[in-house]
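Residue numbers (our numbering): 40 to 548.
Just so you know, even glycine gets a beta-carbon here, dropped at the ideal spot from N, CA and C.
Since this is a predicted model, take the numbers as computed values, not measurements.
Input: a single structure, listed below in structure tokens.
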Amino acid sequence: MEAGPVALLCLGLAVVVVLGVALARRTGLPDPVVLVVVGLGASFLPGAPHAQIPPEVVFLVFLPPLLFRASFLTSLQTLRQHATAITLLSVGLVVTTALGVAAVVSLLPGVTFAQGMVLGAVVGPTDPVAAAGVFQRLGAPRRVVELVEAESLMNDATALVLYAVAVEAVLHGTPSAVSIGLTLVTTVLGGLGIGLALAGAVRLVRARVSDVGLQLLVSLVTPYLAYVLADRAGVSGVLAVVTAGVLVGIGPTEASEARLQGTAFWSFLDLLLNAVLFVLLGLAARRVLDDIPHLDPTTLVLGGLGVVGVVIGLRVAWQFVVPPVAYRLRSLAGRPVSRSTTYERFVIGWTGMRGAISLAAALALPLELPNRSLLVFLTVVVVLSTLVLQGLTLPLVLRRGALAEADDGRENETRRTLAEVALRRMDELEADGTLPPGSADPLREVWEQARARVSDDLPDPEVDLVSLRLEIAKVQGEELAELRRTGAVDPEVARLLQEELDLQRVRLS
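This is the structure we're talking about:
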């Protein structure tokens, strides 16, 4: 039985993705940059596929899960706490960026302002993945991290709603202001309503399903169902997915096993979809360049530099103009909020890398859209430029000491509270006779030490206990592997013990 062309295409794509991710890990370069280059290189190989993926398939396959995972991890408390800042960035800055990009792109021969608005909407959403890795490695205030991640989610929604309106205007003419207003209202409210209803239904199902596999299946189906239902209803599928993700994420706590497996599953899916998107873009880049022969290379370079300059420059300038004004207005209104420092505002302004959502939007542009190839090309330029320029320089900008704040105090306070809850519960169980007196002393000692550590009651140990426990887990795993190889332990017992060791390593790491 011969493999069909689709199967061969998927297999080849998988090989390119694996090679690209492995090369990125080895070189230390951003994954997207390496993946696009690998995809572009693969496009020159004999027999490389040049098939055009239907735009609607790109949105349907990639967009729902990417948006759902980001929204699922977003805290509703964070959205409320930073509502003003998030709104300014995700609505005001996205619209301003779209207008600025449109003004620059419309200077190119044969490009209209409306087509420029499409590109502005495409490059509007930011991608916090690269910044998150740097934040985690070097440290950053909780406020900055929360704002960057929450802003990214909300500007995805804003940009993609604007994207739909702009594409419609290019293909069918610019509608009246009243028509645009009515369309936006119905699109937004409809998307929110479908997301809200679906989230309620999913939470009911999850509460009644105990099987881990079924829970994972429900979580995978949810974003696609939200998107398809909203799309069929003619409203915003993006807002439906985001709303469902946020509300499902704040729902009842999952069982530990489901939560652990769900985290691993969605991390893998997010990596896979991002990698495939960037490789597909690399494969399509050669064809895109062939489709824009009416513009000379100098014009393309100048256009790309102009768009990149607007995208980066407007974001940095915005952070130094709008937040201080908003702070002043709220103070005059008697509603003061904590004021960010100049350096924090610059860091937020510099974390404007573009990524997978922009690529998905570019690849999903209708084939009949005028200057489609040019818009896709400029999107590639913006994504790669921001990832390289901002992504590689962010560690230099993010001086470890300059952004230090008492974030550790919040974490230690929470750990101390949890330790005290554990100690209090053991006291209650001993008091009511459930536990014999003294039977919980070994566990009590563990929690008392944990409370003391975060209360600064114990000096730092001379030995790195975490490294020691990791080393012990390592040699235990090696011994378990030897016992399994020699048949000295039952395979099922070995599997269970290996899972315990794996969880211990993950927890310590």
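The alpha carbon of Asp480 has as its nearest neighbour, out of Leu102, Asp471 and Met465, the alpha carbon of Met465. Following the DSSP letters along the chain, one finds Val150 in no alpha helix (DSSP H), marked with neither H nor E. Counting the other CB atoms within 10 Å of its CB gives Leu192 a total of 16 or more, which places it among the buried residues. Look at Pro363 here: in three-state DSSP terms it is helix.
The residue from Pro530, Gly51 and Leu542 with its alpha-carbon nearest to that of Leu509 is Leu542. With fewer than 16 other Cβ atoms from the protein chains shown falling within 10 Å of its own Cβ, Ser249 counts as exposed. In the three-state reduction of the DSSP assignment, Leu536 falls in the helix class, which pools H, G and I.
Closest option to Val355, judged by alpha-carbon separation, among Val133, Pro103 and Ala61: Val133. In chain order, Leu268, Ala269 and Ala279 place their CB closer than 6 Å to the CB of Ile233, counting only its own chain and leaving out the 5 sequence neighbours on each side. When DSSP states are grouped into helix, strand and coil, Ser249 belongs to the coil group.
Going by C-alpha positions, Leu312 is about 18 Å away from Gln300. Scanning Val204, Asp70 and Leu237 for the CA closest to the CA of Gly430 turns up Asp70. Residue environment: Ser306 is assigned as exposed (fewer than 16 neighbouring CB atoms within 10 Å of its CB, all protein chains considered). One alpha carbon belongs to Arg119, the other to Val277, and they sit about 20 Å apart. With a contact defined as Cβ atoms closer than 8 Å, Thr338 and Leu147 qualify at about 6 Å.
Under the criterion of beta carbons closer than 8 Å, Val285 and Ser110 qualify as touching, at roughly 5 Å. For a cut-off of 8 Å, the C-beta gap from Pro94 to Leu413 is around 16 Å, too long to register as a contact. In summary, Val241 is buried, with 16 or more beta-carbon neighbours lying within 10 Å of its beta-carbon over all protein chains present.
DSSP places Arg384 inside the alpha helix (DSSP H), whose first and last residues are Thr381 to Trp389. Assigned with DSSP and collapsed to three states, Leu128 falls in helix. Rounded to the nearest angstrom, the Cβ distance from Thr425 to Val350 is 7 Å, consistent with a contact under 8 Å. Annotated as distal: Val75 and Gly391, with beta-carbon spacing of 8 Å or more. Within its own chain, the residues whose Cβ lies closer than 6 Å to the Cβ of Ala196, once the five positions on either side in sequence are excluded, are Val277, Leu278 and Val281, listed in chain order. If you look at Leu99, you'll find it in the alpha helix (DSSP H) that goes Pro94 to Phe111. Per DSSP, the unbroken alpha helix (DSSP H) holding Arg182 starts and ends at Arg181 to His211. In the structure shown, the three-state DSSP call for Ala479 is coil. Here Ile387 is buried. Its C-beta has 16 or more other C-beta atoms within 10 Å. Sequence-distant partners of Gln515 (beyond 5 residues in either direction) whose C-beta falls short of 7 Å from its own C-beta, in its chain, are Leu540.
Here Arg524 is actually not in contact with Pro530; their C-beta atoms are around 11 Å apart, not less than 8 Å.
Annotation: Val528 is outside any alpha helix (DSSP H) and is labelled neither H nor E by DSSP.
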